[in-house]
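Chains as they are written, first to last, in the numbering used here: chain A, 18 to 383; chain B, 18 to 383; chain C, 18 to 383; chain D, 18 to 383.
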């Protein structure tokens, strides 16, 4: 469905970039789960623009929980989180709003919604909406962590600078890495922050933007989660990730590199260790046949360069169909790769809560 | 849901590799659509093993349409296609069936289904089930083609040999390429068949297997199809593709290569040509903000090397949890890349019929 | 799904009786539809308690639309309506909250939600939540009316007093009746208001409550809407109506009276009038085989007596499982029959928008 | 969705009255459940026409299970049941097929499917399709019974003859009654069979048909099953029942009789007995707030008189829109009330398996 994801644990997103508020409704979380407002606040901070490598738009992300909790715990009824928009500057968009920004949703929204779309700041297609994912996802991440399931996403590459990869063949090592990056405001595994930031600022100085790849790991997920054919674990996660604006691809485990391997290299041999089944390598990324195998769940998502750039671009005017030159104003991120990390972890958590609930019942996370 | 995909146009898959039959139920197709059994037969032939680079299992894929058609046309009621399994040799699996085949679903199925799963030939996780996708997809492909929408998938790379790419910035050229490869039993754009086959046989001779990348293009899809946030066109297609066994990643347009680009390179400028809006490049793969923009829809899917290989592999015995060495018998494909192409096109067609029906109503394809 | 109804046009409800607010998210309405706040206000007034026959709780039902509209028109993005709760008196519930109110959801909520439920004023199970249905339904009713589809519900019986029935065999007469009752704050067709109110007050004076039957009619619905088997028009409406608290049954057309008829009496003969197909009688209530036949859609829903009564009742204490006597405080309706009418019309409108969108596409209502 | 019901346990129905076969796909049943073909055969016999009060069409209902079982147990993969049609006489319908049968789906199907519908014997709208519900439902009924949950439906009234009602305030007595009627080929609680059959034959002799009311009881269902607002237990069951052809209304517990009661009469007081919570009466039919309360689940469904009657009827010719007189040939049931009983029990079982799986996880029924 349109702005809703999930079967048993269900997130609905509403709101526009320059509207009154972003609203996230998280339905189906088990009752009795702590809803920790401090943790939500901390998670929202990880998504927030924070320096010269991000947009100059500054939102406090003060939120209110309107329903679904009682005495600090979830009740089982839908949890509504309201995040008002405060720092909007629609005037930046007035002059050029009929000029379709290349590789943005302006043109497709115009066709689909017949010109009735709210174009201010990208409207419902803006990355601003992801604040709802992070707020709701915080509750999911928190609930999963109390079941021993941890989720983290780091910047695998940005602006051509490469971070090291999760060591996914070793569940304990991966878990330690996940816990570390999950709390970082610039989540990288190795010492690449300065180099990345430098390259981002270089692009920004040229009125340009950069992309990258983010890598998500989930540790502690039990084996046996996911359904064959269409509700597969990878199928569900791919659906979720590709719905995040700017993400244009996803690969599980060794992903596209598997195309160049032989089966004898790519296969993950099973063994037992301390009475637990595991695999010697993890090219499969923790998934066989759409179902979790108990190894770390690993996937990479590619984030395209932010389409909003300061350089002049050729485009058309939606009001008359004529050619036009676009010179963008407004406050834009030269790179959103860092900020997408927490969005990816949050949405992953919601998908996992849903699949765990489907598998083990609605009380599983209590 | 589990073995069902779609909202308005819905495919349900049932059957096992060595069971009596594969069953596909295609519900929600508009009434009055020709159901051409010859075309279904031809499409099934494209999926069928055909030479030394494929498995030695030979299925006739004779099928029967049990419901949903009347006088050769769809009625609007669910169309049931029954494809009996005839050439099964379960004995190949008897001896080793408790040994979990590495990177197969044996172990995860065992955990999820508690040992009750049908292990013969991979059971419900077998690639055999995709015969149902191709049969149902043939009806969808046929229906779309009468609306001017064409779909084709070719082998972009296999066993290290690279084919050329669709020229997706040019809608007419892409359409011509699509029409050409859609009918080929070894779908490649350039003269690479011999080289690919040689490398596949080389791996086979070493008891090994290879993987590759397939590229799918859709031409003629109207702009404005797809929903923001979770029913996005790319999200839906990613869900579908990742549900195909062996596919471990998907990328739209320039995909992972976007990570290394600047925004000024990656952005697709809009222009008008003969009164129609198009883009000068197509790094976006025909999708902006989850919605089709009218340009060719392009995506690549990575196919891992077939996990069934003849070489001895280390694994565990599911019956006792002990270490074991697996030496596989049975008839296996050294590469399934060629055969996955038609599966990808077929499933794409079903997803598109669904999204078009949701957008324009249930009679749209009539 | 839990608190969400619909496929293409989707309503999600959140909030509790004594929580901060009720939230309704209406997703999938066509873009370009006027969202008339005055009309929403008028519809909310029809649901509001208004005199001695209703609860003494008085809510202003001031609402805010947080998303999904732009320049007074729907954008196609989800419409969020926030209705703050202002007149809550949780103290009324403190003393007795562990005593399960007979025929309320206290006990079942306690079992299902493990004691974590918000018990104040019935929490998420309260009739208060229907304010969200009425607010969202107003948009749907308004949109349908511009397509010539009108919806009205009247009190067919209450406290033993009988109103006359819609004359559903005559489409034009029914439409006139519908338009009339749809705007009444005490919706009856004949002169029975005084008698009904007298009987309600009689019960109230005795610390008791009464029930009744409401009758809903829809005029102008095109033939051909609804799906066989499970998304049938009657199946969908029955699902919606039974989800309203207090409604314990539904019947279409002549309903339970059909049990005593012969086929020759019950069958609705077809004829043509002014070139349009209609039926001579309407025992079918406008539905054949789950699909609308173009005649007025008619159904009756039974509303049980309000379970909150002032008389002492025998029950158990949920905190210790022991027998207890319940003497209810709080402000309760001696009858909710009148107030349920507008809820039924509103929810019907949302279901119809969904089925029309599924049938004719997402732009149908524009 | 169209011909599919359920979220976790999912039934899809395909086939037409005079097509090759009826197909039921039951997905999501827990693995390891015995699939007892003898029991399915016995259940199908309960639905089968059996004497002069039923249609003369005689089907053997020989069925084949094509997938989803292994060694007699469910595997967790979709179970496909194929029931071939053998005794079809389409010629009966040839002459009159363009004459819309009053109160049948002929006209609505014609409008919805644009004339492409399979009209032979009612096509996909025929009661014949319910054979798939009974076959799949048998597996569900069997699985539930092993968890102590029993389901039975009897003829509460037919042709004006009244049976006694389930004694639903006494769980043990109800369970005994349920077990008794569940196996009867003419399911009544009291000695009314002869009278009912006499009245049915009386109508038949006059070329007419009769209707009735059926009553379904479920014993042993745990408290806490069902969701508030739209996936309510009553909402889901109402959706299912209303999707059965010929059923035009449903009421839970005391249903429409509640309209004439006071709250003090209608409320079900809670008490404890042998440490278990129960209610003293059961006007609620085992459901409070959409959630099961542990008491017997009781509901009545009204079955209209069979619309196919031998008497001449006024109608229109769909081929030219002109008035016509219809004199039906073909083999019809003067009453389907008896045969609908097992269909209602079967579909109830599938809905309950789904809700139990959603609540307690996919392995609950194993």
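Think of the CB as a built atom: it goes at the ideal place given N, C-alpha and C, for glycine as much as any other residue.
Fair warning: this is a prediction, and the values are worked out from it, not measured in the lab.
For this session: Go ahead and label residue 289(C) buried or exposed: buried means 16 or more other beta carbons lie within 10 angstroms of its beta carbon, across all protein chains shown.
Result: exposed
For this session: Report yes or no: do the region 178-194 of chain D and the region 125-143 of chain D share at least 3 C-beta pairs separated by less than 8 Å?
Result: no
For this session: Could you tell me whether the region 226-240 of chain B touches the region 311-323 of chain B, using the rule of 3 or more Cβ pairs below 8 Å?
Result: yes
For this session: Within its chain, find whatever has a CB closer than 6 Å to the CB of residue 147(B); leave out the 5 residues flanking it on each side and keep chain order.
Result: Counting only Cβ-Cβ distances below 6 Å, and skipping sequence neighbours, we find 360.
Exercise. Hey, does residue 25(B) have any beta-carbon neighbour from chain C nearer than 8 Å?
Worked result: Chain C contact via Cβ: present.
Problem set entry | Straight-line Cα distance separating residue 228(D) from residue 228(C) | 28 Å
Exercise. Tell me, which residues are paired with residue 236(A) by DSSP?
Worked result: Per the DSSP secondary-structure output, residue 236(A) pairs in a beta bridge with 167(A).
Exercise. Which residues mark the beginning and the end of the alpha helix (DSSP H) in which residue 265(A) is found?
Worked result: Unbroken run through residue 265(A) is the beta strand (DSSP E), 264-269; no alpha helix (DSSP H).
For this session: With residue 247(B) as the anchor, note down where its beta strand (DSSP E) starts and where it stops.
Result: No beta strand (DSSP E) holds residue 247(B); DSSP gives it neither H nor E.
Exercise. Is it true that the region 34-45 of chain A meets the region 20-37 of chain C, where meeting means three or more beta-carbon pairs spaced less than 8 Å apart?
Worked result: yes
For this session: Count the other CB atoms, across all protein chains shown, that sit within 10 Å of the CB of residue 2(B); report buried if there are 16 or more and exposed otherwise.
Result: No answer is possible for residue 2(B): it lies beyond the span of chain B, which begins at 18 and ends at 383.
Exercise. Roughly how many angstroms separate the alpha carbons of residue 32(D) and residue 287(C), rounded to a whole number?
Worked result: If you take the alpha carbons of residue 32(D) and residue 287(C), they lie about 27 Å apart.
Exercise. Counting along the chain, where does the alpha helix (DSSP H) carrying residue 123(C) start and finish?
Worked result: Residue 123(C) -> alpha helix (DSSP H) spans 123-130.
Exercise. Tell me which same chain residues have a C-beta within less than 8 Å of the C-beta of residue 86(D), skipping the five on either side of it?
Worked result: 52, 92, 96
Exercise. Can residue 307(A) and residue 251(A) be called in contact, C-beta distance under 8 Å?
Worked result: Yes.
Problem set entry | Cβ-based contacts, 8 Å cut-off: residues of the region 362-379 of chain B near chain C | 375, 376, 377, 378, 379
Exercise. Hey, would you say residue 99(D) sits closer than 8 Å to residue 38(D), going by beta carbons?
Worked result: yes
Exercise. Which word fits residue 338(A), buried or exposed, when buried means at least 16 other C-beta atoms lie within 10 angstroms of its C-beta?
Worked result: exposed
Exercise. Does the beta carbon of residue 337(A) sit closer than 8 Å to a beta carbon anywhere in chain B?
Worked result: no
Exercise. In chain C, which residues lie with their C-beta within 8 Å of the C-beta of residue 134(A)?
Worked result: 48, 87, 92, 93, 94
For this session: Check residue 301(A) in the structure and name its three-state DSSP category.
Result: coil
For this session: Give the interface partners of residue 353(C) over in chain D, defined as CB-CB distance under 8 Å, in chain order.
Result: Residues of chain D passing the Cβ test: none, with the nearest at roughly 11 Å.
For this session: Provide the residue span of the alpha helix (DSSP H) that contains residue 150(D), from first to last.
Result: 147-162
For this session: Could you check the C-alpha separation between residue 102(B) and residue 82(D) for me, to the nearest Å?
Result: 14 Å
For this session: Rank 322(C), 165(C), 170(C) by C-alpha distance to the C-alpha of residue 349(C) and give the top, closest one.
Result: 322(C)
Exercise. Chain B beta carbons: is any one of them nearer than 8 Å to that of residue 149(D)?
Worked result: no
Exercise. Is it a yes or a no for the region 104-121 of chain C touching the region 154-163 of chain A, going by three-plus beta-carbon pairs under 8 Å?
Worked result: Under the three-pair Cβ rule at 8 Å, the region 104-121 of chain C does not count as touching the region 154-163 of chain A.
Problem set entry | Chain-order list of residues whose beta-carbon lies under 6 Å from that of residue 334(C) (same chain, five-residue window excluded) | 115, 116, 341
Exercise. How long is the line joining the alpha carbons of residue 344(B) and residue 283(A), rounded to whole angstroms?
Worked result: It is roughly 17 Å from the alpha-carbon of residue 344(B) to the alpha-carbon of residue 283(A).
Exercise. Which bits of chain A does residue 130(C) rub up against, with CB to CB less than 7 Å?
Worked result: 48, 92, 93
Exercise. Is there contact between the region 118-127 of chain D and the region 351-370 of chain C, where contact requires at least three CB pairs shorter than 8 Å?
Worked result: no
Exercise. Of all the CB atoms in chain D, is at least one closer than 8 Å to the CB of residue 104(B)?
Worked result: no
Exercise. Whose Cβ in chain A lies nearer than 9 Å to the Cβ of residue 288(B)?
Worked result: 331, 332, 333, 340
Exercise. Is residue 336(C) buried or exposed, if buried means 16 or more other CB atoms sit within 10 Å of its CB?
Worked result: exposed
Exercise. Near residue 137(C), what residues of its chain come up, given a Cβ to Cβ distance below 6 Å and the 5 sequence neighbours on each side ignored?
Worked result: Around residue 137(C): 35, 107, 110.
For this session: Below 7 Å CB to CB, which residues in the same chain sit around residue 180(C) once its five sequence neighbours on both sides are set aside?
Result: 171, 172, 173, 174, 205, 206, 207, 209
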